[in-house]
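Chemist: Below you'll find the structure I mean.
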Amino acid sequence: MNREKWNEEGRIWDDDQALLDDREIARLTRAHAGNRLPSPVPTQMVSNGEYLPAPQTEKQKRVAARIEELSKTASRKLGINRRTFLAGTGGMAASFLAMNEVFGRFFNVSPIEMFEPAAYAQASAPRDLFVFDDQLHMVRGKLAPGGPPASRNPGGTLRALAQGATSTGYRANPFNPGNVPDENGELWGVWNPALVGLPNSPASFQIVQFIKDVYLDSQVTVGLLSNVTASLVNEGQLELLPGDRPGPRAPRNTDEAAKGEMLTAAQTAAARNFINEISGSTRMLAHGMLYVGKGNLGNIQEQVERNAPDSWKGYNISNAAKIDSDPRSLMRQWRHDDEAVAYPTFEWINKAYASLKSTKPGFNNICVHKGLTNASPATPEMGHPADLPKAAKDWPGLNFITYHACIQPAFFVYDSLKEIQSGKMRQGVPDISWTTEYATLVAPFPNTYAEIGTTWASSVITFPTVAAHIMGQLMKFMGPERIVFGSDSVWYGSPQWQIDALWRFQIPEELRAKYGYPELTEDAKRRILGLNSAKLYGINVQQKFNPVPPDFERRMPQGLRSVMEIAAYDDNMSKIRERYAALGREPSHTRYGWVHNS
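Residues in the sequence shown are numbered consecutively from 405, following our numbering.
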């Protein structure tokens, strides 16, 4: 029996290291061999060899049959073969149409889009759309200054989640340990089709690839580069004090924390400055690190003087609060409404804003990660929203932007779908932990905003019903003017797929009628995708935004490369990329792995 597998990166057949035995393999077919219909959207579960794929469901069979029927008719009318049709925009339109017919109408698509690429493009995000992506990520070249290159891949698991079973180095969905299916019946579906076949390596998240993904391959007008406060640092890279034990621990101060940051505040600012300089316009803003507490006020002031941050990014769950000046005390987790810990930092930012708002209009934006955790207990320190109402009331001059809209499940929202199906309600809508509670708690406070980074990415393709309820609830309780778009890229590749998905998405009429959700209109989409954040950051959307030049990599000074801890410029690599792009190859939609014989 043939037990080899295709190595896409090496373009060779390798020995198959699958965990399935011969009896199980006998029930399966190679996905690429059984892919009679190379549709843009998978129509049955594909296994990487670690688990038995489930048989194709009746609904998946209906989707496949409908795609086949539509593609057969359309390709004949166009005078092309079906494979060519399915590789283009017509094939994607046919897939959207089939999915709407079977699963419910979630995507705006019309039959004419199967025949006219111009019609498909017209229904996609318009060219004049202003997009403000308020959550973008990249990583430094080394995890510790002066230390060895990073041996781990900081964004690898998130990229694997979005890339599906083609991701290198991962044998299963890293955020679906229970092997439960998504709404389309897949254990490990592809979020971003553009990632299929690409390597999953640290270079995918560094500055060169970041600029290409965001500014050359997407419609992002202005991006906000974010960062992460370090929660743990490695004793092996730090000075040991008497009584210290080896192993990771919370940092004692921000100098120690910087050694564990994926991207420092200085690197964030340096990347912003370079992108704005080469474009000659404001194309990027930068977060400062929100290390709170009296013991960290000096660091906040230092960041302002050295890096001129445009706003602030923090994590309740991170050990980022220094409450005293004791050099031996460890930083700890924090909450928004702690008057002794968070309030001194809020007071400092609020006072500084008075003199900085003319040049830094978003300086008073307090952006904090909440949710995306299965940890317990459900406390504000772990990301629960109970601490937000008091802080919002006490600090009306600050804007509290809650990242990920506080959704609790970690990246794979199967639990949210089950909550919707359970019938448990809160204020007349399905109770989705912790997003529904968050939206109802902060509804009365106009200085609170919901950011949808990762929450949107993790639901729109794989759990569209969850996406519809989340968007509906945020709009119902907070209004479309208090929702902001973030893609959490480049963890998930270029943000364009998320922009397109949001522009085409709609809340089904039956859900709106049953739960009182507003319609996701074009005006609401424009607000969410950019205009709301433009207002928060004082961006004039009518100004000219110059493009980032395609030869940006050649223009990167060695000083910036040193700051970002990346290698010197390699012109040969650029030439290889240019030659590959010039080929203009159509996607094959080939899938490698196993499918059930049924």
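By construction, the Cβ of each residue, glycine as well, lies at the ideal position given by its N, Cα and C atoms. This one's a predicted model, so the numbers in the text were calculated from it and none came from an experiment.
Since F817 and V870 are thought to touch, with beta carbons under 8 Å apart, how far apart are those beta carbons, to the nearest angstrom?
Modeler: The residue given as residue 817 occupies position 413 in the sequence shown. The residue given as residue 870 occupies position 466 in the sequence shown. The residue asked about is misnamed: residue 817 is Val in this sequence, not Phe. Yes, they are in contact, since the Cβ atoms of V817 and V870 sit about 5 Å apart, within 8 Å.
Chemist: Along the beta strand (DSSP E) that carries D538, what are the first and last residues, could you check?
Modeler: Here residue 538 refers to the residue found at position 134 of the sequence shown. Its beta strand (DSSP E) spans residues 536-540.
Chemist: For E785, which three-state DSSP category applies?
Modeler: Numbered from 1 along the sequence shown, position 381 holds the residue referred to as residue 785. Reduced to three states, the DSSP call for E785 is helix.
Chemist: May I ask you to report which of helix, strand or coil DSSP gives D740?
Modeler: Counting from 1 along the sequence shown, the entry for residue 740 is found at position 336. Per the sequence shown, residue 740 should be read as His rather than Asp. If DSSP states are grouped into helix, strand and coil, H740 belongs with coil.
Chemist: Compute the Euclidean distance between the alpha carbons of H1000 and F750, then round it to the nearest angstrom.
Modeler: Translated into the one-based positions of the sequence shown, residue 1000 becomes position 596. Translated into the one-based positions of the sequence shown, residue 750 becomes position 346. Roughly 56 Å between the two C-alpha positions.
Chemist: Quick check: what's the CA-CA separation for N950 versus T686?
Modeler: If you number the sequence shown from 1, residue 950 lands on position 546. If you number the sequence shown from 1, residue 686 lands on position 282. Spanning the two alpha carbons is a distance of roughly 8 Å.
Chemist: Excluding five sequence neighbours on each side, which residues of the same chain lie with their C-beta closer than 8 Å to the C-beta of A861?
Modeler: Counting from one through the sequence shown, the residue named residue 861 turns up at place 457. Contacts found: A566, W595, S891, D892, Y896, Q902.
Chemist: Which ranges does the beta strand (DSSP E) cover as unbroken runs of at least 3 residues, wholly within the region 461-544, from first to last along the chain?
Modeler: Complete beta strand (DSSP E) runs here, min 3: 536-540.
Chemist: For H773, write down the residues that DSSP places opposite it in a beta bridge.
Modeler: Locating residue 773 in the sequence shown gives position 369, counting from the first residue. Per DSSP, Y719, Y807.
Chemist: Which same chain residues, not among the five before or five after S571, have their C-beta less than 6 Å away from its C-beta?
Modeler: Numbered from its first residue, the sequence shown carries residue 571 at position 167. Around S571: A564, N604.
Chemist: Within a Cβ cutoff of 8 Å, which residues of the same chain sit near E913, ignoring the five residues on either side of it in sequence?
Modeler: Translated into positions along the sequence shown, residue 913 becomes position 509. Around E913: R509.
Chemist: Could you check where the alpha helix (DSSP H) with R965 kicks off and where it finishes?
Modeler: In the sequence shown, residue 965 corresponds to position 561, counting from 1. Taken as a continuous stretch (DSSP letters only), the alpha helix (DSSP H) holding R965 covers 962-968.
Chemist: One question on the structure: do Q707 and A724 come within less than 9 Å of each other, judged by their Cβ atoms?
Modeler: Taking the sequence shown and counting its residues from 1, the one referred to as residue 707 is at position 303. Taking the sequence shown and counting its residues from 1, the one referred to as residue 724 is at position 320. No, the Cβ-Cβ distance between Q707 and A724 is not below 9 Å.
Chemist: Of all the beta strand (DSSP E) runs that stay within the bounds of the region 801-855, which reach a length of 3 or more residues?
Modeler: Qualifying beta strand (DSSP E) stretches, in chain order: 803-807, 852-855.
Chemist: With 16 as the cutoff for other CB atoms within 10 Å, does L432 come out buried or exposed?
Modeler: Position 28 of the sequence shown holds residue 432. So L432 counts as buried.
Chemist: So, is T672 buried or exposed, given that buried needs 16 or more other C-beta atoms within 10 angstroms?
Modeler: In the sequence shown, counting from the first residue as 1, residue 672 sits at position 268. T672 is buried by the Cβ-count criterion.
Chemist: Whose CA, out of G601, R486, P784, I887, lies closest to the CA of A854?
Modeler: Residue 854 sits at position 450 when you count from the first residue of the sequence shown. Checking every option, the nearest Cα to that of A854 belongs to I887.
Chemist: I need the DSSP call for V612, collapsed to helix, strand or coil.
Modeler: As a position in the sequence shown, residue 612 is number 208, starting the count at 1. In this structure, V612 counts as helix in the three-state DSSP scheme.
Chemist: Does E590 pass the burial test, meaning 16 or more other C-beta atoms within 10 Å, or should it be called exposed?
Modeler: Taking the first residue of the sequence shown as 1, we reach residue 590 at position 186. With 16 or more other Cβ atoms within 10 Å, it is buried.
Chemist: Determine the contact status of H541 and S630, defining contact as a CB-CB distance below 9 Å.
Modeler: To locate residue 541, count along the sequence shown from 1; it is residue 137. To locate residue 630, count along the sequence shown from 1; it is residue 226. Yes, Cβ-Cβ distance for H541 and S630 is below 9 Å.
Chemist: Does DSSP classify T433 as helix, strand or coil?
Modeler: Locating residue 433 in the sequence shown gives position 29, counting from the first residue. In the structure shown, T433 sits in a strand (DSSP, three-state: E or B).
Chemist: Under the rule that 16 or more other beta-carbon atoms within 10 Å means buried, what is A529, buried or exposed?
Modeler: For the purposes of this step, residue 529 is taken as residue 125 along the sequence shown, with counting starting at 1. Classification of A529: buried, given that the 10 Å Cβ count is 16 or more.
Chemist: Does the region 531-546 touch the region 935-946, meaning 3 or more C-beta pairs lie closer than 8 Å?
Modeler: As far as the Cβ criterion goes, the region 935-946 touches the region 531-546, which means the pair count is three or higher.
Chemist: For T852, I'd like the list of residues in its chain whose CB is within less than 6 Å of its CB, leaving aside the five on either flank, ordered along the chain.
Modeler: By 1-based counting over the sequence shown, the position of residue 852 is 448. A796, F804, V846, listed in sequence order.
Chemist: Where do the N-terminal and C-terminal ends of the beta strand (DSSP E) with G692 fall, by residue?
Modeler: As a first step, residue 692 is located in the sequence shown; it is residue number 288 there, counting from the start. From DSSP, the beta strand (DSSP E) with G692 extends over 688-693.
Chemist: Can you tell me which residues form a DSSP beta bridge with G627?
Modeler: Against the sequence shown, residue 627 aligns to sequence position 223. In DSSP, G627 forms a bridge with D537, M688.
Chemist: According to DSSP, what are the bridge partners of R653?
Modeler: As a first step, residue 653 must be located in the sequence shown, where it is residue number 249. According to DSSP, R653 bridges with V637.
Chemist: With E751 as the anchor, note down where its alpha helix (DSSP H) starts and where it stops.
Modeler: Indexing the sequence shown from 1 puts residue 751 at position 347. It spans 746-760 - the alpha helix (DSSP H) in which E751 sits, taken as one unbroken run.
Chemist: In this structure, does DSSP put F579 in helix, strand or coil?
Modeler: Position 175 of the sequence shown holds residue 579. Here F579 sits in coil by DSSP.
Chemist: Closest to Y695 by CA distance: which of A654, R930, T658 is it?
Modeler: Within the sequence shown, numbered from 1, the residue matching residue 695 stands at position 291. Y695 has its Cα closest to that of T658, out of A654, R930, T658.
Chemist: From what residue to what residue does the alpha helix (DSSP H) around S443 run?
Modeler: Taking the first residue of the sequence shown as position 1, residue 443 is located at position 39. Segment: none, S443 is in no alpha helix (DSSP H) and carries neither H nor E.
Chemist: Have a look at M882 and T859 and give me their C-alpha separation to the nearest angstrom.
Modeler: Counted from its first residue, the sequence shown places residue 882 at position 478. Counted from its first residue, the sequence shown places residue 859 at position 455. Those two C-alpha atoms are separated by around 17 Å.
Chemist: From what residue to what residue does the alpha helix (DSSP H) around I679 run?
Modeler: Along the sequence shown, read from residue 1 onward, the residue named residue 679 stands at position 275. Its alpha helix (DSSP H) spans residues 669-683.
Chemist: Is the separation between the beta-carbon of L633 and that of S715 shorter than 9 Å?
Modeler: Position 229 of the sequence shown, counting from 1, holds the residue named residue 633. Position 311 of the sequence shown, counting from 1, holds the residue named residue 715. The residue you asked about is not Leu; residue 633 is Thr in the sequence shown. No; because the gap between Cβ atoms is not below 9 Å, this pair is not in contact.
Chemist: Express the C-alpha separation of N769 and A1004 in angstroms, rounding to a whole number.
Modeler: Coverage of the chain is limited to positions 405 through 1002, which leaves residue 1004 absent and any answer about it impossible.
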